[in-house]
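One structure is given below, encoded as structure tokens.
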Amino acid sequence: MNQNYTNCSNREKCLALYRDSLRSKEMDHDGTHFDQQIPHVFVILGASGDLARKKIYPTLWWLYRDNLLPTNTIFYGYARSKTVIKEIRLKCHQYMKVKDEEEERYEEFWKLNFYYAGSYDSRTDFEKFNQELSHHERNPFGNRIFYLALPPSVFESCTVHIKNACMAPKGWTRIIIEKPFGKDSASSQKLSDHLASLFTEQQIYRIDHYLGKEMVQNLMTLRFGNRIFNPCWNRDNIASVQVSFKEPFGTQGRGGYFDEFGIIRDIMQNHLLQILTLAAMEKPTSCLPDDIRNEKVKVLRCIQEVDLNDVVLGQYVGNPEGEGEAKLSYLDDPTVPEGSLTATYAMAVLRINNERWDGVPFILKCGKALNERKAEVRIQFRDVPGDIFDGKPKRNELVIRVQPGEALYVKMMVKTPGMAFDMEETELDLTYSSRYENVKLPDAYERLILDVFCGSQMHFVRSDELSEAWRIFTPLLHKIEQERIVPVPYK
């Protein structure tokens, strides 16, 4: 990225610099030709669903609004619903965040949007859809992106028909896939083998939106761009690493989907484990995508399978003193099967068997219907050796707050201001909203979808990463299900 862009405080100037950096490239990250003028088609499969309405369409609008997409780009929705683009626009509108002065630009965006109703298991429908795409492209060198915002049950048929009927004739084709990437090692490997039979790894973009978050991406810069952290980033100085995720609400009618997967599959095995790899991996040889992902895979291979004795499971129950949904338990959700033992909270201790981290617990915690919304990484350092302050010093902590309100702060001991020679704990605080007051941080999906256009896989999950992640958690998940472990109730 243009260095001037990273140091820029004015949003409009930043966007202009970034657009220039994109347009100056002759090659994409994956080595294919990058040309702003040739046609690009972004296809949303599952265009009538929640993900498309709440995330994908708004993200495409924001990128279009800021002139970050190739000039000649159109957008196509594909779904089984017999609807029209006007209806999709109406359903999306509340999530688009359109300002009064952007109305004209907003109209232009929707004029570039089209919709096609078809089946996910009909090759004929995909062949007809391909004809419609070609009609709009009018150029065999056009590029295509397919975003699969679909349930896993239709992944296989849909990808087969894309391969056989809808690939870009002479340009590139890229496939974005949303989690879940299977339910365990076997199902994940089956999906990976299927995709590998159709597409190259360079064409597949497995999206984990946490990898697009500002403070998650900041982990590499923090570790490898600062001299002060690297010497102490090891078992000799760090007592524990905690990665946590909390939501103040329950399943809210999504219980049917959630109950099939549970909190470990939904949050821990992907979002939290990805953060762990960035916190624990060795320094890559460069910032090239595969150099980074190689190091992530190396550290994953050092993580032992999670033991049930290192796990706590919980399920939220209604709070009679709460208001609204807070009064309801997980089992009160009408979409949740009666008597379900699915955990809505999980805590697991992971252990990394390598020279840097031997003996340091990595604690992953995630849950729904808790007291607040927060995701953070907390690095706790060991006690100061040779204490001369009669046990008063508390352990230093480095805290990286992912959401809400991005922040980085260090808990440390200082002399209490005043005449007395005493000490107290305080914080070195870098809260982004204060330090970068005039900078608007992009949404995670904005970063990631733009990366797909640019051909950068740095922040996407590779197949061997996925395989190792499931290796770590699959035995635990099977044991929980086979032994019908009862979660601890909480409110």
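For the sequence shown, UniProt numbering assigns the number 1 to the initial residue and increments by one for each residue that follows.
Backbone N, C-alpha and C fix where the C-beta goes; we use that ideal spot for every residue, glycine too.
In its own chain, which residues sit with a C-beta less than 7 Å from the C-beta of residue i, not counting the 5 before and 5 after it?
i: residue 304; result: 351, 353
i: residue 487; result: 313, 314, 315, 341, 343
i: residue 127; result: 165
i: residue 167; result: 173
i: residue 326; result: 319
i: residue 45; result: 78, 146, 147, 148, 149, 150, 158
i: residue 484; result: 341
Would you mind reading off the limits of the alpha helix (DSSP H) that contains residue i?
i: residue 384; result: Unbroken run through residue 384: none, as it is neither H nor E.
i: residue 185; result: 185-198
i: residue 277; result: 273-280
i: residue 478; result: 463-482
i: residue 389; result: No alpha helix (DSSP H) holds residue 389; DSSP gives it neither H nor E.
i: residue 342; result: Note, residue 342: premise wrong, no alpha helix (DSSP H); not H, not E.
i: residue 256; result: 255-263
i: residue 217; result: 214-224
i: residue 63; result: 57-65
i: residue 144; result: Here residue 144 belongs to no alpha helix (DSSP H); instead the beta strand (DSSP E) covers 143-148.
i: residue 157; result: 155-161
i: residue 91; result: 85-92
i: residue 269; result: Here residue 269 belongs to no alpha helix (DSSP H), and DSSP marks it neither H nor E.
Work out the CA separation of residue j and residue i for me, nearest whole Å.
i: residue 64; j: residue 190; result: 36 Å
i: residue 239; j: residue 258; result: 34 Å
i: residue 104; j: residue 272; result: 40 Å
i: residue 214; j: residue 442; result: 8 Å
i: residue 169; j: residue 292; result: 32 Å
i: residue 450; j: residue 92; result: 20 Å
i: residue 223; j: residue 279; result: 8 Å
i: residue 179; j: residue 466; result: 11 Å
i: residue 192; j: residue 160; result: 13 Å
i: residue 424; j: residue 453; result: 50 Å
i: residue 480; j: residue 401; result: 31 Å
i: residue 102; j: residue 298; result: 46 Å
i: residue 267; j: residue 251; result: 13 Å
i: residue 456; j: residue 418; result: 54 Å
i: residue 277; j: residue 464; result: 13 Å
i: residue 339; j: residue 331; result: 7 Å
i: residue 67; j: residue 60; result: 11 Å
i: residue 263; j: residue 196; result: 28 Å
i: residue 415; j: residue 386; result: 18 Å
i: residue 492; j: residue 421; result: For residue 492 there is no data in the structure shown, the boundaries of the chain being 1 and 491.
i: residue 51; j: residue 367; result: 21 Å
i: residue 403; j: residue 437; result: 17 Å
My guess is that residue i and residue j are in contact by the Cβ rule of under 8 Å, so how many angstroms apart are they, rounded?
i: residue 75; j: residue 113; result: 5 Å
i: residue 62; j: residue 446; result: 6 Å
i: residue 335; j: residue 255; result: 4 Å
i: residue 235; j: residue 357; result: 6 Å
i: residue 183; j: residue 261; result: 7 Å
i: residue 73; j: residue 48; result: Wrong, their Cβ atoms sit about 21 Å apart, outside the cutoff.
i: residue 115; j: residue 85; result: 4 Å
i: residue 108; j: residue 39; result: Rounded, the Cβ-Cβ distance is 17 Å, inconsistent with contact.
i: residue 372; j: residue 246; result: 6 Å
i: residue 212; j: residue 448; result: 4 Å
i: residue 360; j: residue 241; result: 7 Å
i: residue 216; j: residue 144; result: At roughly 29 Å, the Cβ-Cβ gap does not stay under 8 Å, so residue 216 and residue 144 are not in contact.
Cβ-heavy atom distance between residue i and the ligand ZN below 6 Å?
i: residue 201; result: This structure does not include the ligand ZN; it has no bound ligands of any sort.
Going by beta carbon distance, what residues of the same chain come within less than 6 Å of residue i, once the five residues before and after it are set aside?
i: residue 365; result: 244, 347
i: residue 393; result: 384, 413
i: residue 295; result: 281, 282, 284
i: residue 11; result: Note that residue 11 scores 47 on pLDDT, short of 50, meaning its location in the model is unreliable and no value can be drawn from it.
i: residue 429; result: 409
i: residue 482; result: none
i: residue 133; result: 41
i: residue 333; result: 251, 255
In terms of residue numbering, what span does the beta strand (DSSP E) encompassing residue i cover?
i: residue 547; result: Any property of residue 547 remains undetermined from this structure, which presents the chain solely from 1 to 491.
i: residue 429; result: 423-431
i: residue 178; result: 173-178
i: residue 113; result: 113-117
i: residue 504; result: Residue 504 is absent from the structure shown; the chain starts at 1 and stops at 491.
i: residue 366; result: 361-367
i: residue 397; result: 397-403
i: residue 79; result: 73-79
Beta-carbon within less than 8 Å of residue i's beta-carbon, same chain only, minus the 5 sequence neighbours each way: which residues are those?
i: residue 427; result: 409, 410, 411, 412
i: residue 185; result: 467, 470, 471, 474
i: residue 122; result: 161
i: residue 24; result: Any answer about residue 24 is weak, because its pLDDT of 42 lies below 50 and its placement is not dependable; what the coordinates show is given next. If we look at residue 24 and ignore the five residues flanking it on each side, it has no Cβ neighbours.
i: residue 89; result: 110, 113
Determine contact between the region 44-58 and the region 144-162, defined as no fewer than three beta-carbon pairs at a distance below 8 Å. yes
Specify whether the region 455-462 and the region 198-216 touch according to this definition: at least 3 beta carbon pairs, one from each stretch, less than 8 Å apart. yes
At least three beta-carbon pairs within less than 8 Å, the region 282-297 to the region 475-490: no
Cβ contact (3+ pairs, closer than 8 Å) linking the region 296-310 and the region 466-478: yes
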